[in-house]
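Okay, structure first, notes after.
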Amino acid sequence: MTPGSRARAHRGARNRQTRSSVPSWHGRRTAAPASFMRCFADMAVVEVRIDVARSPEEVFEFVADRYFENVRRWDRDLVEVTPLGDGVMGLGARAVEVRREPLPRRGKR
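Under the working numbering, the residues of the sequence shown are numbered 3 to 111, in order.
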């Protein structure tokens, strides 16, 4: 292998790494690199506000205290939810979800 071909092979390996669909920092417990986060700087911000004619206590009871009972009312893609444990929503609560996912549309050829 000549010095020039060794350099080309190294560049090719480096390019293959950067084209990976999984970032090199994936799976680590560190923050994403600043270069990765900059690509999100120009994204639109969307805010949604829903006024509910109920007291905060009633809303909290409906959304949090009876979460597993009511979640399918606002999450239409959720077919079934089975809580693991005592069935109370809270820090560390776990559940098994069965979801309906839309099939990707085929593009025009």
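Note that the Cβ used here is the ideal one computed from N, Cα and C, for glycine as well.
Kindly indicate which three-state DSSP category R18 falls into: helix, strand or coil? For the purposes of this step, residue 18 is identified with residue 16 of the sequence shown, where counting begins at 1. The predicted position of R18 is uncertain, since its pLDDT is 48 and thus under 50; no value can be drawn from it.
Cut-off 6 Å between Cβ atoms - residues of its own chain near A66, not counting five sequence neighbours on either side: Mapped onto the sequence shown, residue 66 falls at position 64. Around A66: M91.
When the Cα atoms are used, what is the spatial distance from E99 to D44? Stepping through the sequence shown from its first residue, residue 99 is reached at position 97. Stepping through the sequence shown from its first residue, residue 44 is reached at position 42. Their Cα atoms are separated by approximately 33 Å.
Any heavy atom of the ligand SAH closer than 7 Å to the CB of V47? As for the ligand SAH, it is missing from this structure, which has no ligand bound.
Measuring only the C-alpha atoms, how far is T2 from A46? Because residue 2 is not part of the residues shown, which for the chain are 3 to 111, the question remains open.
Any idea what DSSP makes of R102, helix, strand or coil? Within the sequence shown, numbered from 1, the residue matching residue 102 stands at position 100. In the three-state reduction of the DSSP assignment, R102 falls in the coil class, being assigned neither a helical nor a strand state.
CB contact flag (R112, D79, <8 Å): Since the first residue of the chain shown is 3 and the last is 111, residue 112 is not available in this structure.
Following the continuous alpha helix (DSSP H) through E82, name the residue where it begins and the one where it ends. Taking the first residue of the sequence shown as position 1, residue 82 is located at position 80. From DSSP, E82 is part of no alpha helix (DSSP H) but of the beta strand (DSSP E) over L80 to L86.
Could you give the DSSP three-state label for R75: helix, strand or coil? Indexing the sequence shown from 1 puts residue 75 at position 73. Reduced to three states, the DSSP call for R75 is helix.
How close, in whole Å, do the beta carbons of G89 and F62 come, if the pair is a contact with beta carbons under 8 Å? The count along the sequence shown starts at 1 and reaches residue 89 at position 87. The count along the sequence shown starts at 1 and reaches residue 62 at position 60. 17 Å between Cβ atoms; not a contact.
Distance between R74 and V1 (C-alpha atoms, nearest Å): Residue 1 lies beyond the residue range present for the chain, which begins at 3 and ends at 111; the question has no answer from this structure.
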